[in-house]
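Take a look at the structure below.
In the numbering used here, the protein residues as written are 109 to 291.
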């Protein structure tokens, strides 16, 4: 019970932040893209979630078992082109502490500049944990990992830098379930 209360106390403020972020976006807003005279609607999470025209897929982009070896921006762009051709319009990431998430957003931004018809959005994951998670030391489920704050700060930075791409933030869903301990 104590763990559930702790998880809720961590997750609730972040969910409120996410809801405020996306509810503040005007559904009928328009913007100019690449100085075209044509206006394009700014999509919100409300517009794309649950819409069958916006297929989603979990995405990592890694080519190696070692996630310290990051995919290049060209590899990320190739992946996004393939997913776009398959009809995928939303990719879900899981963490921001390595450059892959920032590089993915850069790759998508470049693709949008190269092709006005290219459309891809991101559900940006921020991985949060309890103290000592994924170590040889017993996890302390009542104390946050010191890495949580930088994860959230980086997620916020990326949302602010790429509001046209990041439409959803997923915070710590892995930390909310017992099965995550068995990884």
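Positions of the beta carbon are idealized from the N, C-alpha and C atoms, including for glycine. All values derive from a computational prediction rather than experimental measurement.
Check                                                                                                                                  : Outcome
Counting Cβ pairs closer than 8 Å, one from the region 236-255 and one from the region 173-189, do we hit at least three?              : no
Is the region 174-184 touching the region 196-209 in the sense that three or more CB pairs, one from each, lie closer than 8 Å?        : yes
Would you check if the distance between the CB atom of residue 228 and the CB atom of residue 278 is smaller than 8 Å?                 : no
In angstroms with no decimal places, state the Cα-to-Cα distance between residue 163 and residue 197.                                  : 6 Å
If you check the beta carbons only, do residue 201 and residue 219 fall under 8 Å apart?                                               : no
Indicate whether residue 274 and residue 267 have their beta-carbon atoms separated by less than 8 Å.                                  : yes
Pull up the distance between the alpha-carbon of residue 199 and that of residue 255, whole angstroms please.                          : 24 Å
To the nearest whole angstrom, what separates the beta carbons of residue 234 and residue 280, a pair I think is in contact under 8 Å? : 7 Å
Can you tell me the Cα-Cα spacing of residue 270 and residue 160, whole angstroms?                                                     : 24 Å
For the alpha helix (DSSP H) containing residue 217, list its first residue and its last residue.                                      : 208-222
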